[in-house]
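J.:
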Amino acid sequence: MKLKHPAILAFLVSGLLFGAFVLIPASWLQPNWSHQKLLKQQVANSDNVIKGSAIQHAMLKDKNFYPVYGSSELRKDDPYQPVILLKGKKPDLFYVGTGGQTDLLQAIALGAQYDQLKNKKMTIIISPQWFTRKGMLENNYLGRVSKVQINRYFDNPNIPNHLKQRLAQRLLHFKTNKHDDFLKQVAKTGEVKGHYLNPFYANHLEKMEILKSYIPMSVETDKLTKLLDKSKPNTKSYAQLDKEAEKYGKSRSSTNPYRIKDEYWKLIKQNKRPISRQHEFHMNSPEFKDLALLVDLMKAGNADVQYVVLPVNGKWYDSIHVDRERRQKVDEKIVKTISSHGGNVHDMTDQDYKPYVMSDAVHIGWRGLVELTEKIEKHIHS
Numbered sequence: 000m001k002l003k004h005p006a007i008l009a010f011l012v013s014g015l016l017f018g019a020f021v022l023i024p025a026s027w028l029q030p031n032w033s034h035q036k037l038l039k040q041q042v043a044n045s046d047n048v049i050k051g052s053a054i055q056h057a058m059l060k061d062k063n064f065y066p067v068y069g070s071s072e073l074r075k076d077d078p079y080q081p082v083i084l085l086k087g088k089k090p091d092l093f094y095v096g097t098g099g100q101t102d103l104l105q106a107i108a109l110g111a112q113y114d115q116l117k118n119k120k121m122t123i124i125i126s127p128q129w130f131t132r133k134g135m136l137e138n139n140y141l142g143r144v145s146k147v148q149i150n151r152y153f154d155n156p157n158i159p160n161h162l163k164q165r166l167a168q169r170l171l172h173f174k175t176n177k178h179d180d181f182l183k184q185v186a187k188t189g190e191v192k193g194h195y196l197n198p199f200y201a202n203h204l205e206k207m208e209i210l211k212s213y214i215p216m217s218v219e220t221d222k223l224t225k226l227l228d229k230s231k232p233n234t235k236s237y238a239q240l241d242k243e244a245e246k247y248g249k250s251r252s253s254t255n256p257y258r259i260k261d262e263y264w265k266l267i268k269q270n271k272r273p274i275s276r277q278h279e280f281h282m283n284s285p286e287f288k289d290l291a292l293l294v295d296l297m298k299a300g301n302a303d304v305q306y307v308v309l310p311v312n313g314k315w316y317d318s319i320h321v322d323r324e325r326r327q328k329v330d331e332k333i334v335k336t337i338s339s340h341g342g343n344v345h346d347m348t349d350q351d352y353k354p355y356v357m358s359d360a361v362h363i364g365w366r367g368l369v370e371l372t373e374k375i376e377k378h379i380h381s
């Protein structure tokens with residue numbers, strides 16, 4: 000029998016399916032994140048990993064993953080990356096970080112996973128160049144923050160109210176949040192009444208995130224993933240690796256006196272990379288309060304965190320008139336902020352002038368990554 004109105008029937012069916020999708024809870028769509036499936040996201044650092052909640056939740060819950068939170072250094076296709084040098088050893092490292100992923104964003108992301116933090120070992124990398132005159136700028140915040148993560152932070156009854164109040168006060172500094180009544184109320188009273196996001200809208204955003212996670216990652220453009228896939232388990236000692244990394248770095252930075260890798264130096268000479276950095280290394284940077292919030296949050300959640308404060312290329316910074324004394328004061332304040340708030344810190348800032356620790360102006364590489372790997376492995380087994 001032929002249907003008289005197939006178009007109407009198709010419309011009704013599609014409408015019912017759409018309605019069902021809108022109404023079902025996000026948890027119903029959640030894939031089973033096995034360890035092997037998560038390994039495919041190990042160094043992906045996609046928006047789904049960084050701004051989402053599902054993958055980080057599954058990874059933090061898995062005792063066979065050791066998270067490393069940081070920023071753009073976790074995107075570099077360097078053969079001395081910790082995830083490469085520790086390949087084949089348990090637990091597996093899992094990178095969460097991309098450019099501009101500073102203390103505030105780390106606090107929001109980890110706060111969204113607060114119930115998974117207890118006794119979880121991890122390393123959080125702190126970059127001194129984050130400590131700028133104005134701290135995180137509006138465009139960086141808008142481009143990188145996750146509303147789902149913020150909502151989870153405020154919705155979690157186990158996060159102390161004073162930490163919610165401090166986050167609300169900080170978020171109100173951004174123009175986009177100036178008129179947010181929920182944030183104003185939490186900032187003023189320290190009490191959470193209602194939700195940051197409408198629950199219906201929050202559920203919709205979480206479902207969209209889950210659907211995106213089903214889309215396979217394109218490894219053609221992910222150099223670090225390709226490098227990790229073809230690398231073999233390391234059998235060398237750290238002393239051997241350090242010598243090898245020094246030689247490797249030297250062979251790739253022969254065109255300039257700053258030991259900056261040749262391809263990056265070429266971009267500097269072509270004015271395709273910033274030279275002036277006078278906005279960095281400021282003692283009154285808002286970043287210090289963001290760092291304190293992060294450390295206090297992790298302590299409240301009973302996470303076992305190793306904070307690693309990175310160096311910069313001292314010779315280069317001297318040449319652009321951000322001198323050692325100015326940098327040192329900021330470095331010392333960073334370390335003091337972490338330790339005074341109960342954090343365990345490994346300070347690498349005394350290596351600003353050590354050859355081949357940095358691969359460019361601000362990114363750790365080569366010998367620096369070997370040391371970082373050693374500290375991570377020690378923390379894993381401590």
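For the sequence shown, the positions run 0 to 381 when numbering that gives the first Met the number 0 is used. Glycine included, C-beta positions come from ideal geometry on N, C-alpha and C. Since this is a predicted model, take the numbers as computed values, not measurements.
For D346 versus G313, is the C-beta spacing smaller than 7 Å?
T.: In the sequence shown, counting from the first residue as 1, residue 346 sits at position 347. In the sequence shown, counting from the first residue as 1, residue 313 sits at position 314. Going by C-beta atoms, D346 is not nearer than 7 Å to G313.
J.: Check whether the segment 140 to 148 and the segment 44 to 51 touch, using three or more Cβ-Cβ pairs below 8 Å as the test.
T.: Yes, they touch.
J.: Should R74 go down as buried or exposed, given a rule of 16 or more other Cβ atoms within 10 Å for buried?
T.: On the sequence shown, position 75 is the one that residue 74 refers to. Buried, because 16 or more other Cβ atoms sit within 10 Å of the Cβ of R74.
J.: Is the separation between the beta-carbon of K222 and that of D76 shorter than 7 Å?
T.: For the purposes of this step, residue 222 is identified with residue 223 of the sequence shown, where counting begins at 1. For the purposes of this step, residue 76 is identified with residue 77 of the sequence shown, where counting begins at 1. It is a contact, given that the beta carbons lie within the stated cut-off.
J.: Which residue from V191, F287, L266, D91 puts its Cα closest to that of K120?
T.: The count along the sequence shown starts at 1 and reaches residue 120 at position 121. Minimum Cα distance to K120 is reached at D91.
J.: Have a look at the DSSP bridge pairing and note the partners of P66.
T.: For this step, residue 66 is matched to residue 67 along the sequence shown. DSSP, once it has assigned bridges, lists F93 as partnering P66.
J.: Do you know offhand how far R151's Cα is from I125's?
T.: Within the sequence shown, residue 151 is the residue found at index 152, counting from 1. Within the sequence shown, residue 125 is the residue found at index 126, counting from 1. For R151 and I125, the distance between alpha carbons rounds to 24 Å.
J.: Among A360, K353, F280, Q305, whose alpha-carbon lies nearest the alpha-carbon of V321?
T.: Indexing the sequence shown from 1 puts residue 321 at position 322. When each option's Cα is compared against that of V321, the closest is F280.
J.: Taking only the alpha-carbon atoms, compute the straight-line gap between K183 and A167 and give it to the nearest angstrom.
T.: Here residue 183 refers to the residue found at position 184 when the sequence shown is read from its first residue. Here residue 167 refers to the residue found at position 168 when the sequence shown is read from its first residue. Answer to the nearest angstrom: the Cα atoms are 7 Å apart.
J.: What residue ranges within the segment 250 to 307 form continuous alpha helix (DSSP H) runs of no fewer than 4 residues, ordered along the chain?
T.: Listed in chain order, the complete alpha helix (DSSP H) runs (minimum 4 residues) inside the segment 250 to 307 are 261 to 268, 286 to 299.
J.: Give the straight-line distance between the Cα atoms of L22 and A201, rounded to the nearest whole angstrom.
T.: Residue 22 sits at position 23 when you count from the first residue of the sequence shown. Residue 201 sits at position 202 when you count from the first residue of the sequence shown. The predicted model places L22 with a pLDDT of 49, which falls under 50 and marks its position as unreliable; any figure quoted below should be read in that light. Their Cα atoms are separated by approximately 12 Å.
J.: Here's the rule: buried if 16 or more other CB atoms are within 10 angstroms of the residue's CB, otherwise exposed. What is N160?
T.: Against the sequence shown, residue 160 aligns to sequence position 161. When all chains shown are included, N160 counts as exposed.
J.: For F64, which of E72, Q80, Q40 has the nearest alpha-carbon?
T.: Within the sequence shown, numbered from 1, the residue matching residue 64 stands at position 65. The shortest Cα separation from F64 among E72, Q80, Q40 belongs to Q40.
J.: With a CB to CB cut of under 7 Å and the five nearest residues on each side skipped, what residues in its chain are close to L104?
T.: The count along the sequence shown starts at 1 and reaches residue 104 at position 105. Taken in chain order, the residues that qualify are R143, V144.
J.: Apart from the five residues just before and just after N176, which ones in its own chain have a Cβ nearer than 8 Å to its Cβ?
T.: Position 177 of the sequence shown, counted from the start, is the residue given in the question as residue 176. Once the five neighbours on either side are set aside, the close Cβ partners of N176 are L170, L182.
J.: On a Cα-Cα basis, can you pick out the residue from K163, H172, E376 that is closest to T188?
T.: Counted from its first residue, the sequence shown places residue 188 at position 189. The shortest C-alpha separation from T188 is found at K163.
J.: So, with DSSP's three-state summary, where would you put H345?
T.: Here residue 345 corresponds to residue number 346 of the sequence shown, with the count starting at 1. Correct three-state label for H345: strand.
J.: Is it the case that the Cβ atoms of Q112 and H56 are separated by a distance below 7 Å?
T.: Here the question's residue 112 lines up with position 113 in the sequence shown. Here the question's residue 56 lines up with position 57 in the sequence shown. In contact: Q112 and H56 (Cβ atoms closer than 7 Å).
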